[in-house]
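Numbering (the numbering used here), first residue to last: 19 to 277. We put the CB at the ideal spot given by N, CA and C, even for glycine. In what follows, a single structure is set out as structure tokens and then discussed.
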Ligand SMILES: O=C[C@H](O)COP(=O)(O)O
């Protein structure tokens, strides 16, 4: 499959129960089956449900180009890690992406740079695309955000580099102060930071695309233009009609060759 022009990802976090997750995924699968930009691979759509839903979600999206993955993976290969899910198990279930280092996991589970680097290495070892979440805690200048993100990105790649792993990283730029907010960060701020992050040098064999997350919703992708490679959506994709609007907007942008 060709590389998508624009990535759109949705993390369901822990908002939905099991049945609600499946119902939402059925609606998204129906949408994906009818949408030319998704069918043709211009828009890469991925869904990150909670782990117990993954086998059923895999069935629902079977035969569609929609990808799915986990909201976390364990930093270890296997063994005595009670309550954790390994990258290899996620891969065995058909997952192709692993979200790593979300601000909520850093905050509530004390995930640190070493754990995050080990998770990135685990994901790449098992052929999963890391959706690596990085972003500053407090608003500042775009230059300050870029510098902090660059440092966190290098730390997150450290073990992968040491192990000479290869693959693509989806760099989810998520300013922490814009997550769960009424609206996203200002357009000019997102554009400046993401344009800077797109220019970051990556080690040999590793490439990255930059997607923006943090209260993203309808209307945003068109305002950001070519300074981002996509969006990482949360609450504002719960309404599948809103998700359809976002896919339509991304499709228009991709077709206009704006990226
Ligand atoms: O995982 C997604 C991001 O944290 C964004 O969530 P949100 O759009 O609900 O703020």
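Asked	Found
Would you be able to state if there are at least three C-beta pairs under 8 Å between the region 59 to 75 and the region 129 to 136?	no
Hey, is residue 53 close to ligand 1, as in C-beta under 7 Å from one of its heavy atoms?	no
Once DSSP output is grouped into helix, strand and coil, what is the label at residue 149?	strand
Mapping DSSP to helix, strand and coil, what is residue 46?	helix
Since residue 177 and residue 138 are thought to touch, with beta carbons under 8 Å apart, how far apart are those beta carbons, to the nearest angstrom?	7 Å
Extract the residue ranges of the beta strand (DSSP E) inside the region 215 to 243, only unbroken runs of 3 or more that lie entirely within it.	224 to 231
Determine the direct distance from the alpha carbon of residue 192 to that of residue 220, and round the result to whole angstroms.	19 Å
Mind pulling the alpha helix (DSSP H) runs of 4 or more residues that sit fully within the region 28 to 82?	36 to 52, 54 to 57, 72 to 79
Please identify the residue among 203, 47, 114 whose C-alpha is closest to the C-alpha of residue 262.	47
What residue does the beta strand (DSSP E) around residue 187 start on, and which one ends it?	185 to 191
How many angstroms separate the CA atom of residue 107 from the CA atom of residue 88?	10 Å
Which of helix, strand or coil does DSSP assign to residue 173?	helix
Among 151, 63, 31, which residue has its Cα nearest to the Cα of residue 9?	Only positions 19 to 277 of the chain appear in the structure, and residue 9 is not among them; the question remains open.
Start and end of the beta strand (DSSP E) containing residue 118?	115 to 118
Can you name the start and end residues of the beta strand (DSSP E) that residue 343 belongs to?	The question about residue 343 has no answer here: the residues shown for the chain are numbered 19 through 277.
For residue 169, count neighbouring C-beta atoms within 10 Å of its own C-beta (all shown protein chains included) and say buried if the count is 16 or more, exposed if not.	exposed
What do you reckon, is the C-beta of residue 183 under 7 Å from a heavy atom of ligand 1?	no
Would you kindly work out how many angstroms separate the C-alpha atoms of residue 56 and residue 50, rounded to a whole number?	6 Å
For residue 223 and residue 186, what's the separation of their Cα atoms in angstroms?	8 Å
May I ask you to report which of helix, strand or coil DSSP gives residue 134?	helix
Just to confirm my understanding: we take residue 78, look at its own chain, exclude 5 residues before and 5 after, and list those with CB closer than 7 Å. What are they?	40, 43, 44, 47
Let me have the residue list for ligand 1: C-beta closer than 5 Å to any non-hydrogen atom, ordered along the chain.	29, 197, 198, 231, 233, 252, 253
Leaving out the 5 sequence neighbours to the left and right, which residues in its chain are closer than 6 Å to residue 241 when beta-carbon positions are compared?	205
Let's see if you can read the secondary structure: which residues bound the alpha helix (DSSP H) around residue 111?	Where residue 111 is concerned, there is no enclosing alpha helix (DSSP H), given that its DSSP letter is neither H nor E.
I'd like the span of the beta strand (DSSP E) that includes residue 250, first residue to last.	248 to 251
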